[in-house]
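Positions 0 to 357 (numbering that gives the first Met the number 0) are the ones given, in order, by the sequence shown. As C-alpha cells, the structure follows; a few thoughts come after it.
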Amino acid sequence: MSPDPIQEIEAGLLAIGDEYRQRFATALTEHELRNVRADILGKKGALTRVLRAMGAVPSDRKREMGERVNAARAEVESAFETRLVELRQALRQAELSATPFDLSLPGRSPAPRGHRHPISLVRQEILEIFKSLGFETAWGPEVEHEVNNFTKLAFPPDHPATDLQDTFWVRVLGGAPEARVLLRTQTSTVQVREMTRHSAPLAIVSGGSVYRRDDDVTHSPMFHQIEGLLVNENVSFAELKGVLTQFVHRLYGERAVRFRPSYFPFVEPGAELDVACVFCEADLSTRASCRICKGTGWLEILGCGMVHPSVLEHCGIDAERFTGFAFGLGVERVAMLRYGIPDIRILFENDPRFLAEF
Ligand code: DAH
C-alpha cells in the first residue's frame, strides 16, 4: 500500500520545522548558516523532496497542501534572514569591542639582523690596537708563491713545514715546475711582500686566512693569523718588548707577560710571548686544576723575534743599516681564550645559536 501523500507531506513539513529551527540557532558563521539553508531549500534539499509527493495529492486538496508547503518555505526563508542579520551584527560587535589595532606600533623586520662573525670581531679589535700604535694595515693573497711563504723567510729547502703533510700545494696548469705555488701557511708572507715593495722604514700589520693540513679540537685546516712587522734604524729587542707588552695590556688588561726563547727560521733571536692565565690568575687555588693553562699559569699567545738579517737581504733591505722585529698570532686562539670556547670547530660550524651569542 502506497503511503498517504497528505500524511507524508505533513510529516515532512513537521520534520523540516524542527530541523531548521535547531540548526539555524546553532550555526555560528554565515557559511554554516548558508549550508543549512541549502540542505533544506536547495535542489536536493528536504523541502524539495517533500514537494515530490504533491503529484499524488488528490486535486481537491492540492491547493491547500500547496499553500502549506509555500508557507513552510517562507517561514524557513524568513528565519534564515533573521539569523543572518543576527550573525552579522555579532561579528561587527566583536570587531568593535576587540583590542584596537595600534597604528603607531613600529613594524616587524622580516628577519633578525646579522652581525660580524666572532673571528672578524676579534681580528678587527687586534688590528685596531696596532693601528693606534702607528702600524699600517697591509694585505696579501691566500694563494702564494713558495718563495714568499718559505724561501725568502729563510726556511731551509727541506724544512718539515714544506712537507706535503703540512702544506697544501697548488698545481698550476702550464706553470714552471720550479715556480711552486701553495695556500699560504702563515701571514708572514705579507712581511716579504711589503719589504720588497716599500723598503724601510715601515710598520705594518696584516690579518687573514692561512691553511695547514691539521684537524683536531685546537687545529683547523683553515685558520686566521695576524702578522706585524716594524723595520727601521736602531730597532732593538727593547722596542719589540715595549710594543708587544702594550698590545697585551690593551687586549687583556694590565697583566704579567713573559718572553720565552723559541725558534722560527726568519727571526734571530726568536721568542714566544706568554700572558698570565686569564682563567686562574685571580684565584690561585684553581691553578693546579686549570685546564686552559694546564697548571702553568701562562698562556702562549704569539711568536715574535728580531727579523733575521738574511730575510732583510732577501727582500732588498740593507741589513747593516736597518733592523726590525716581527710577530705573528692566531686569531682563533685569542677568540677561544677570550670567550672560553673549548673546540675550534664551533667557530666554523656557524650554528646560529652560537653566533647569536656575540
Ligand atoms: N709565522 C709563525 C707561525 O705561523 C708565527 C710567527 C712567529 C710570526 C714569529 C712572526 C714571528 O712574525 O716573528 O707559526
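Glycine included, every Cβ here is placed at the ideal spot set by N, Cα and C.
(1) In angstroms, rounded to a whole number, what distance separates the CA positions of S284 and K293?
(2) Go through its chain and collect everything with a Cβ distance to R352's Cβ below 7 Å, but skip five positions before and after it.
(3) Kindly provide the ranges of any beta strand (DSSP E) runs that are 3 or more residues long and lie completely inside the stretch 202-255, ordered along the chain.
(4) How close, in whole Å, do the beta carbons of V266 and H307 come, if the pair is a contact with beta carbons under 8 Å?
(5) Measure the Cβ-Cβ separation of E331 and L346 and say whether it is below 8 Å.
(6) Does the contact criterion of 3 or more C-beta pairs under 8 Å hold for the stretch 143-161 versus the stretch 264-279?
(7) Is it right to say D273 is buried, meaning 16 or more other beta carbons lie within 10 angstroms of its own, or is it exposed?
(8) Could you name each continuous beta strand (DSSP E) segment of 3 residues or more that falls completely within the stretch 91-173, going from the start of the chain to the end?
(9) What is the DSSP secondary structure of R384, reduced to helix, strand or coil?
(10) Are there any heavy atoms of ligand 1 lying less than 7 Å away from the beta-carbon of Q185, as far as the coordinates show?
(11) What did DSSP end up calling V266 once you bin it into helix, strand or coil?
(12) By DSSP, does L46 sit in helix, in strand, or in coil?
(13) What are the start and end residues of the beta strand (DSSP E) that includes M305?
(14) Do the stretch 221-232 and the stretch 178-197 touch if we need at least three Cβ pairs shorter than 8 Å?
(15) Compare the C-beta of R179 with all C-beta atoms of chain D and state if any pair is closer than 8 Å.
(16) So, with DSSP's three-state summary, where would you put P260?
(17) DSSP beta-bridge partners for E391?
(18) Looking at C-alpha atoms only, which residue of L239, E253, A52 and I343 is the closest neighbour of G327?
(19) Just checking V266 against ligand 1 - is the residue's beta carbon closer than 7 Å to any of the ligand's heavy atoms?
(20) Could you say if the stretch 165-172 and the stretch 83-98 meet the contact criterion of at least three C-beta pairs nearer than 8 Å?
(21) Considering only DSSP beta bridges, list what T322 is partnered with.
(22) Check G16 in the structure and name its three-state DSSP category.
(23) Let me check you understand the geometry: is the CB of E359 closer than 7 Å to at least one non-hydrogen atom of ligand 1?
To lay it out plainly:
(1) Approximately 14 Å between the Cα atoms of the pair.
(2) Correct list: empty, nothing qualifies.
(3) Complete beta strand (DSSP E) runs here, min 3: 221-231.
(4) 6 Å between Cβ atoms; contact.
(5) Yes, Cβ-Cβ distance for E331 and L346 is below 8 Å.
(6) The answer is yes - the stretch 264-279 touches the stretch 143-161, with three or more Cβ pairs under 8 Å.
(7) With 16 or more other Cβ atoms from the protein chains shown falling within 10 Å of its own Cβ, D273 counts as buried.
(8) Correct list: 142-144.
(9) An answer regarding residue 384 cannot be provided, because it is not within the stretch 0 to 357 covered by the chain.
(10) Yes; taking the cut-off as 7 Å, the Cβ of Q185 has a heavy atom of ligand 1 nearer than that.
(11) Of the three classes helix, strand and coil, the one that applies to V266 here is strand, per DSSP.
(12) Looking at L46 - three-state DSSP - the assignment turns out to be helix.
(13) Annotation for M305: the continuous beta strand (DSSP E) segment containing it runs W297 to V306.
(14) Three or more beta-carbon pairs separated by less than 8 Å link the stretch 221-232 to the stretch 178-197, which places the two stretches in contact.
(15) The chain inventory of the structure shown lacks chain D, comprising one protein chain alone.
(16) Note: P260 maps to strand in three-state DSSP.
(17) Because residue 391 is not part of the residues shown, which for the chain are 0 to 357, the question remains open.
(18) Relative to the Cα of G327, the nearest Cα in the group L239, E253, A52 and I343 belongs to L239.
(19) Here the distance from the Cβ of V266 to the nearest heavy atom of ligand 1 is below 7 Å.
(20) Touching, no, given that fewer than three Cβ pairs across the two stretches are closer than 8 Å.
(21) Looking at the DSSP assignment, T322 forms a beta bridge with N231.
(22) Secondary structure of G16 (DSSP, three-state): helix.
(23) Only positions 0 to 357 of the chain appear in the structure, and residue 359 is not among them; the question remains open.
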